[in-house]
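J.:
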Amino acid sequence: MTDTERLPQPATADIDLVTVLHALGDPVRMTLLRSYADGAEHSCDPRGLGLDHLHKSTVSHHLRVLREAGVTTTRVAGRNRFVSLRRTDLDARFPGLLDTLLAAAAS
1 MTDTERLPQP ATADIDLVTV LHALGDPVRM TLLRSYADGA EHSCDPRGLG LDHLHKSTVS
61 HHLRVLREAG VTTTRVAGRN RFVSLRRTDL DARFPGLLDT LLAAAAS
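Sequential numbering from 1 applies to the sequence shown in the UniProt record's numbering.
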């Protein structure tokens with residue numbers, strides 16, 4: 001692995017709506033989506049995500065599901081992993097979907 005690398009994720013054209021909706025059908029993953037909606041890159045540390053009650057392996061599982069669905073991207077830098085929302089890609093594939101989901105989750 002190089003100093004900075006991205007974990008495997010689907011190409012923008014391969015992001016599937018059913019897979020995205022299935023990935024976001026979990027309350028923990030919706031919490032992660034709301035956290036990542038600020039557009040910043042976030043550490044995978046559960047404490048920084050408001051998920052202190054979950055084991056690190058559980059958070060890792062949820063992050064993998066989101067990444068494999070094409071919702072997030074993960075950058076590896078040394079021993080650290082940083083996650084961000086693929087908003088541009090998702091908006092290109094499904095215009096308005098993220099805004100609708102985030103608005104519904106906020107209400």
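For every residue, glycine included, the Cβ atom is placed at its ideal position computed from N, Cα and C.
Entirely within the UniProt domain "HTH arsR-type" (9-105) and at least 4 residues each: give me those alpha helix (DSSP H) ranges in chain order.
T.: 17-23, 27-36, 56-69, 87-93
J.: Which residue from Asp16, Arg75, His53, Thr74 puts its Cα closest to that of Leu97?
T.: Asp16
J.: Looking at C-alpha atoms only, which residue of Arg86, Ala105, Ser107 is the closest neighbour of Ala13?
T.: Arg86
J.: Quick one: measure Cβ to Cβ for Thr82 and Arg75, integer angstroms, because I've assumed they're closer than 8 Å.
T.: According to the sequence displayed, residue 82 carries Phe and not Thr. Between Arg75 and Phe82 the Cβ distance is about 5 Å, and since that is below 8 Å, they are a contact.
J.: Closer than 6 Å by C-beta to Ala69: which residues in its own chain qualify, once you throw out the five before and the five after it? Chain order, please.
T.: Thr19, Val20, Ala23
J.: Buried or exposed: Pro46, going by 16 or more other Cβ atoms within 10 Å of its Cβ?
T.: buried
J.: I'd like to know whether the C-beta atoms of Asn80 and Ser43 end up nearer to each other than 8 Å.
T.: yes
J.: Spatial neighbours of Pro10 within its chain, please: C-beta separation below 6 Å, excluding the five flanking residues on both sides.
T.: The residues are Gly70.
J.: Is it buried or exposed for Arg29, if we count other Cβ within 10 angstroms and need 16 for buried?
T.: buried
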